[in-house]
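Inspection log for the structure reproduced underneath, given as structure tokens.
Residue numbers (my numbering), protein chains in the order written: chain A, 245 to 529; chain B, 177 to 339.
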């Protein structure tokens, strides 16, 4: 229950961090909040010769509001977001509140959760639902990766081994309040058995577009595209939820000690209706 | 493996040591500082027994390395909660009065979490208490005594009758 030995590096700039990562290759891992990485190290599910601690890197802890989007530096903690540091995007606030426990949220970072890419992670799913853009820097330079192409498989992302996430840019929804997040967990703060979140773009009471994310329902966070499509143009006051469903065509949840795949599907469909209904109600207020 | 020099302020006292980079803050506190009030249950961030304060907020001391702590940061452990004369803090006394512990293994972590909660939210609802303590596991009490202890401490700190 102790990590294998490693060399500790504490760069103070992004360039220095990228240089180290390039030089040390796949024997190195980036450490930010450490709330996913360190448990894996302690359990020796992972071991690295080198850890590159980003906590001393200047300029990664800011929340910068642009006109149409908000950029979160790689060291922005989940706790700050849960307290409303990104209040223009309430879906992110709500998602952050469901992550772990206070002591976990104090250290854990939003970008770290996205980089870890657990398929049941609320913040990874929020990034997908909100069409966030993940900015990464590597030896080849800087690139922007849309969340839609970021999550590849269980804990696997489009990030190259020598790249570091520097920020996550989240577009501000046009009707930010018309959103909802629901999840089923065994205990408060656990990873979800299944969950759903919804962000609507409303024009009066008409749904201009719907963005729905599902988590714990397959190898990555998913978009419920068929359900999104079924909501287009509907009125929030007279919803027809017949086609707002998830089927085995869209999601392949796994069976584990906590729940069967079939149960996850039932729960997810229930939560899907709940988030859509709640997002409509929130939008109407 | 190269050892690193660390200077860590714990309960107001600066302690120096040469540590392996992989030494967790929890092991630093217990092995280098002999502050064994910080307990290690799971060592992977689930049980909350090792909860300490870093710069005024609770963290899992098993999920942060001593080598990460800077000299200008401040760590407070359970040993820094009671007064120097040994008299219990309001939170600690409430745990005792309300039978908020049995074996006591998880109690240091709970006391840290409750101390933080009541600092930020002196009048928490039951739901808020449960949320704040959701990351701390207790295998003895069934939690009811702990919940009573938090409410008791909150009343006491507000200046009202505790019991």
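The C-beta atom is built at its ideal place from N, Cα and C for all residues, glycine as well. From a predicted model like this one, the values you see are computed outputs, not experimental measurements.
Rounded separation between residue i and residue j - CA only
i	j	result
residue 398 of chain A	residue 324 of chain B	41 Å
residue 466 of chain A	residue 243 of chain B	38 Å
residue 211 of chain B	residue 228 of chain B	12 Å
residue 424 of chain A	residue 334 of chain B	36 Å
residue 188 of chain B	residue 250 of chain A	30 Å
residue 309 of chain A	residue 412 of chain A	12 Å
residue 180 of chain B	residue 349 of chain A	28 Å
residue 326 of chain B	residue 390 of chain A	45 Å
residue 262 of chain B	residue 183 of chain B	26 Å
residue 296 of chain B	residue 444 of chain A	34 Å
residue 351 of chain A	residue 230 of chain B	10 Å
residue 222 of chain B	residue 450 of chain A	44 Å
residue 455 of chain A	residue 468 of chain A	8 Å
residue 299 of chain B	residue 322 of chain B	16 Å
residue 367 of chain A	residue 260 of chain B	43 Å
residue 260 of chain A	residue 253 of chain A	10 Å
residue 370 of chain A	residue 192 of chain B	42 Å
Bridge-paired residues (DSSP) for residue i
i	result
residue 362 of chain A	Paired residue(s): none; residue 362 of chain A is not in a bridge.
residue 303 of chain B	According to DSSP, which records beta bridges pairwise, residue 303 of chain B is partnered with nothing at all.
residue 274 of chain A	A:296
residue 389 of chain A	A:378
residue 275 of chain B	Paired residues: none, contrary to the question.
residue 189 of chain B	B:186
residue 252 of chain A	A:295
residue 241 of chain B	B:200
residue 400 of chain A	A:397
Pick from the options that is closest to residue i, judged by C-alpha positions
i	options	result
residue 284 of chain A	A:262, A:453, A:316 and A:248	A:248
residue 472 of chain A	A:496, A:442, A:459 and A:501	A:442
residue 290 of chain B	B:281, B:215, B:234 and B:203	B:234
residue 198 of chain B	A:297, A:395, A:380 and A:267	A:297
residue 355 of chain A	A:258, A:387, A:517 and A:378	A:378
residue 525 of chain A	A:358, A:429 and A:481	A:481
residue 439 of chain A	A:448, A:519 and A:478	A:519
residue 220 of chain A	A:368, A:408 and A:375	This structure does not reach residue 220 of chain A, given that chain A is present from 245 up to 529, and the question cannot be answered.
residue 464 of chain A	A:476, A:496 and A:444	A:496
residue 375 of chain A	A:308, A:312 and A:500	A:312
residue 299 of chain A	A:257, A:390, A:367 and A:493	A:257
residue 276 of chain A	B:226, B:208, B:240 and B:204	B:240
residue 514 of chain A	A:487, A:369 and A:273	A:487
residue 431 of chain A	B:309, B:208 and B:218	B:309
residue 474 of chain A	A:417, A:516 and A:400	A:516
residue 491 of chain A	A:499, A:470 and A:500	A:470
residue 522 of chain A	A:457, A:434, A:426 and A:510	A:426
residue 304 of chain B	B:220, B:192 and B:293	B:293
residue 345 of chain A	A:252, A:502 and A:433	A:433
residue 263 of chain A	A:384, A:329, A:332 and A:343	A:384
residue 279 of chain A	A:335, A:343, A:369 and A:328	A:343
Segment limits, beta strand (DSSP E) that includes residue i
i	result
residue 439 of chain A	438 to 447
residue 229 of chain B	227 to 230
residue 396 of chain A	395 to 397
residue 379 of chain A	377 to 382
residue 247 of chain A	Unbroken run through residue 247 of chain A: none, as it is neither H nor E.
residue 452 of chain A	450 to 459
residue 184 of chain B	180 to 186
residue 196 of chain B	No beta strand (DSSP E) holds residue 196 of chain B; DSSP gives it neither H nor E.
residue 224 of chain A	Since the displayed chain A opens at 245 and closes at 529, residue 224 of chain A lies outside it and no answer follows.
Contacting residues, own chain, Cβ-Cβ under 6 Å from residue i (five flanking each side not counted)
i	result
residue 341 of chain A	326
residue 270 of chain A	405
residue 185 of chain B	250
residue 453 of chain A	445
Beta-carbon contacts of residue i that lie in its chain and below 7 Å, excluding the five residues immediately before and after
i	result
residue 278 of chain B	316 and 317
residue 393 of chain A	402
residue 305 of chain A	317, 319 and 320
residue 213 of chain B	253, 254, 255 and 284
residue 484 of chain A	478
residue 202 of chain B	214, 216, 226, 237 and 238
residue 508 of chain A	437, 438, 460, 461 and 497
Other residues of its chain near residue i: CB distance less than 8 Å, five sequence neighbours each side excluded
i	result
residue 339 of chain B	Low confidence applies to residue 339 of chain B: its pLDDT is 47, below 50, so where it sits in the model is not reliable, and the reading given next is rough at best. Same-chain partners within the cutoff: 273 and 328.
residue 178 of chain B	197
residue 287 of chain B	254, 257, 265, 267, 268 and 271
residue 273 of chain A	281, 290, 292, 294, 295 and 296
residue 205 of chain A	In the structure as shown, chain A starts at 245 and stops at 529, and residue 205 of chain A therefore has no counterpart that could be examined.
Residue i: first and last residue of the uninterrupted alpha helix (DSSP H) it sits in
i	result
residue 266 of chain A	258 to 268
residue 257 of chain B	Where residue 257 of chain B is concerned, there is no enclosing alpha helix (DSSP H), given that its DSSP letter is neither H nor E.
residue 335 of chain A	334 to 341
residue 236 of chain B	No alpha helix (DSSP H) holds residue 236 of chain B; the beta strand (DSSP E) holding it covers 233 to 236.
residue 283 of chain B	283 to 296
residue 472 of chain A	469 to 475
residue 321 of chain B	320 to 333
residue 413 of chain A	Careful: residue 413 of chain A lies outside any alpha helix (DSSP H), inside the beta strand (DSSP E) at 408 to 415.
Proximity test, residue i beta-carbon vs the ligand ZN heavy atom, cut-off 8 Å
i	result
residue 427 of chain A	This structure does not include the ligand ZN; it has no bound ligands of any sort.
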